[in-house]
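At position 55 of the sequence shown (counting the first as 1) the number is 56 in this note's numbering, and the numbers step up by one without a gap.
Ideal Cβ placement from N, Cα and C applies to all residues, glycine included.
Since we're looking at a predicted model, the values are computed, not measured.
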Amino acid sequence: MADRKAQAARRSTTPPRRIAVLGAGSWGTTFAKILADGGNGVVLWARRPELAREINEVKRNSDYLEGINLPRELRATSHLAEAMRGAEQVFVSIPSQTLRSNLDAIAPHLGPSTIVVSLMKGVEKGTGLRMSEVIAQGLPVEEERIAVVSGPNLALEIAREQPTASVVSSSSLETAQAVAMAATNRYFRSFVNTDVIGTEFGGVLKNLIAVAIGIVDGVGYGENTKASIITRGLVEMTDFAVAYGAEAPTLSGLAGLGDLIATCESPLSRNNTAGRLLGQGYSFNDVVKQMNQTAEGLASVAPILRLAEERGVEMPIVRQVSQVLAGTLEPKDIAPHLTTDDDEPQGERTSDDGQGRSRTSVWRSLKRAFDQLRDGGGSAGGDRS
Ligand SMILES: NC(=O)c1ccc[n+]([C@@H]2O[C@H](COP(=O)([O-])OP(=O)(O)OC[C@H]3O[C@@H](n4cnc5c(N)ncnc54)[C@H](O)[C@@H]3O)[C@@H](O)[C@H]2O)c1
Ligand SMILES: O=P(O)(O)OC[C@H](O)CO
Numbered sequence: 002m003a004d005r006k007a008q009a010a011r012r013s014t015t016p017p018r019r020i021a022v023l024g025a026g027s028w029g030t031t032f033a034k035i036l037a038d039g040g041n042g043v044v045l046w047a048r049r050p051e052l053a054r055e056i057n058e059v060k061r062n063s064d065y066l067e068g069i070n071l072p073r074e075l076r077a078t079s080h081l082a083e084a085m086r087g088a089e090q091v092f093v094s095i096p097s098q099t100l101r102s103n104l105d106a107i108a109p110h111l112g113p114s115t116i117v118v119s120l121m122k123g124v125e126k127g128t129g130l131r132m133s134e135v136i137a138q139g140l141p142v143e144e145e146r147i148a149v150v151s152g153p154n155l156a157l158e159i160a161r162e163q164p165t166a167s168v169v170s171s172s173s174l175e176t177a178q179a180v181a182m183a184a185t186n187r188y189f190r191s192f193v194n195t196d197v198i199g200t201e202f203g204g205v206l207k208n209l210i211a212v213a214i215g216i217v218d219g220v221g222y223g224e225n226t227k228a229s230i231i232t233r234g235l236v237e238m239t240d241f242a243v244a245y246g247a248e249a250p251t252l253s254g255l256a257g258l259g260d261l262i263a264t265c266e267s268p269l270s271r272n273n274t275a276g277r278l279l280g281q282g283y284s285f286n287d288v289v290k291q292m293n294q295t296a297e298g299l300a301s302v303a304p305i306l307r308l309a310e311e312r313g314v315e316m317p318i319v320r321q322v323s324q325v326l327a328g329t330l331e332p333k334d335i336a337p338h339l340t341t342d343d344d345e346p347q348g349e350r351t352s353d354d355g356q357g358r359s360r361t362s363v364w365r366s367l368k369r370a371f372d373q374l375r376d377g378g379g380s381a382g383g384d385r386s
């Protein structure tokens, strides 16, 4: 309580932060609203001048957020330099597969202490890199000034100001806190952690499970099938992320389980919608043609399976999704029980008991926890306020 009061007092006495949001699609525009409603000075970069004009003149983004009134203080521009001038924090919200090609244009406008924040939930197809890794490769910014935001964040619900929480993660707790301070308002709360790998992979992997849920929904299966896929899906997500260095508790937090529930349950989810169309019998190409917004899961399936293979992680549900996308598995045959070629009954491996993880990943987690204790701290995973 005292903390909250101190925070509020600090907010009312500090001048507004200057913030740029790059990408005026549904999430970029919603996030710009979150930040503007948090008292920050926000400029939103839209590629199309007519969209920037609509946002400035009538405070609407009718293509992406129908019926939503945007804050009066929010400004938009189609000039990247103007959006980024003097920005302390730059939030990037464009499709993951387009990030790298935008970095050269962004780089010259970064200040020496600008924080760069990824709002994206995909991995790069060719390299399998997470978005924060692509940013680190392509921009002159140290790892400590890179953050990611991920959580159960369906844009339209938040644009309607429905209470929501999310996670800001950075290898620097100070950076995560600075971003979380900016990205908190009366309807949106940002928690922090330093598990960038877990937070980012949570957002990527839940998309793949949401495609699976959409597929079985489209076929007409009911709640048992979906609950089985969600539960087994969380095991796959945790096994994979831990094998790549994530803290297991992060996958049980907002950026893992939280986002998995939101995305699997909501018809607002584009990944879920894409899956439903596949389940109804549309081909992959038809689905891509019908989607007028970004469904990141479709591009992430192949690189995630490649990465899983490299570390010996089994991902039967994600593999079945890739087979449905390729047209080699009938949507009606997707099932959580197809986990092994072996007919022997398997022990149930849950996401929190560690038994399902390979010995190497359990060992890696233990070693990391031990190293943190030995080095006198650092922050473990889990969502912290
Ligand atoms: N919409 C959500 O609810 C939501 C929530 C959390 C995270 N995300 C993530 O945010 C990211 C953006 O998603 P979105 O929902 O805003 O997508 P969107 O399809 O609504 O908007 C994408 C935006 O990127 C722009 N864009 C497209 N190609 C581009 C290019 N080559 N260069 C620059 N800009 C380009 C488009 O003009 C548009 O403004 C995705 O990674 C998504 O997973 C979305
Ligand atoms: O619409 P989706 O499927 O991209 O999901 C949006 C958000 O990631 C939900 O947290």
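* **Opening and closing residue of the beta strand (DSSP E) in which I95 lies** => Looking at the DSSP string, I95 is not in any beta strand (DSSP E), and its letter there is neither H nor E.
* Where E143 falls, given that 16 or more other Cβ within 10 Å makes a residue buried -> exposed
* Return the first residue and the last residue of the beta strand (DSSP E) that T78 is part of. => 76 to 78
* Can you round the beta-carbon distance between F192 and A247 to whole angstroms, since I take them to be within the 8 Å contact cut? -> Not confirmed; about 16 Å, so no contact.
* Cα-Cα separation, L278 to G219 -> 6 Å
* Could you tell me whether any non-hydrogen atom of ligand 2 is closer than 8 Å to the CB of E297? => yes
* Asked: Checking contacts by CB at 9 Å: is T185 closer than that to chain C?
  -> Absent from the structure: chain C. Only one protein chain is present.
* **Inter-residue spacing [alpha-carbon to alpha-carbon] between V212 and R271** => 9 Å
* Taking C-alpha atoms, which residue in P141, L36, V205 lies nearest to R73? -> Answer by Cα proximity: L36.
* Asked: Could you give the residue range of the beta strand (DSSP E) that holds I231?
  -> Run containing I231: none in the beta strand (DSSP E); it sits in the alpha helix (DSSP H), 224 to 244.
* Asked: Is any heavy atom in ligand 1 found nearer than 8 Å to the beta carbon of N154?
  -> yes
* **Beta-carbon contacts of I136 that lie in its chain and below 8 Å, excluding the five residues immediately before and after** => V93, L100, L104, V117, S119, V142, I147
* Would the C-beta of G40 count as close to ligand 1, meaning under 8 Å from any of its heavy atoms? -> no
* **N-terminal and C-terminal residue of the beta strand (DSSP E) that T165 is part of** => 165 to 170
* Which residues in the same chain as L255 place their Cβ atom closer than 7 Å to its Cβ, once the five residues preceding and following it in sequence are excluded? -> G152, P153, A166, S167, V168, F192, D384
* Please list, in chain order, all residues of the same chain as T226 whose beta carbon is under 8 Å from its beta carbon, the five residues on each side excluded. => The residues V217, A336, P337, in chain order, have a CB closer than 8 Å to that of T226 in the same chain once the five nearest residues on each side in sequence are set aside.
* Within its chain, find whatever has a CB closer than 6 Å to the CB of G112; leave out the 5 residues flanking it on each side and keep chain order. => The beta carbon of G112 lies closer than 6 Å to none in the same chain, with the five residues before and after it left out.
* Asked: From R18 to I305, what distance separates their C-alpha atoms?
  -> Going by C-alpha positions, R18 is about 37 Å away from I305.
* To do: Reducing DSSP to helix, strand and coil, say where V220 ends up.
  => helix
* Identify every run of the alpha helix (DSSP H) within the segment 144 to 204, keeping only runs that are complete inside it and at least 4 residues long; order them along the chain. => 156 to 160, 174 to 183
* Asked: Just how far apart, CA to CA, sit K290 and E175?
  -> So the two alpha carbons sit approximately 43 Å from each other.
* Asked: Under three-state DSSP, which class holds A25?
  -> coil
* **Sequence-distant residues of the same chain with beta carbon closer than 6 Å to L45, five excluded per side** => V22, A25, A33, A77
* Can you say whether A309 is buried or exposed, counting buried as having 16 or more other CB atoms within 10 angstroms of its CB? => buried
* Taking the continuous alpha helix (DSSP H) assigned at L52, which residues delimit it? -> 50 to 59
* Asked: Just how far apart, CA to CA, sit Q163 and P346?
  -> Near 44 Å, if we compare the C-alpha coordinates of P346 and Q163.
* Asked: Which residue's Cα is closest to the Cα of L299: K126, L140, A156, R307?
  -> Distance from the Cα of L299 is smallest, within the candidate group K126, L140, A156, R307, for K126.
* **A82 burial status per 10 Å Cβ neighbour count (16 or more: buried)** => exposed
* To do: Identify the continuous alpha helix (DSSP H) that holds G280 and give its terminal residues.
  => Run containing G280: 271 to 280, per the alpha helix (DSSP H) assignment.
* Would you say G328 touches ligand 2, meaning its beta carbon is less than 8 Å from a heavy atom? -> no
* **Segments assigned alpha helix (DSSP H), at least 4 residues, entirely inside the segment 277 to 308** => Runs of the alpha helix (DSSP H) lying entirely within the segment 277 to 308 and spanning at least 4 residues, in chain order: 285 to 291.
* Environment of P332 [buried if 16+ CB atoms lie within 10 Å] -> P332 comes out buried.
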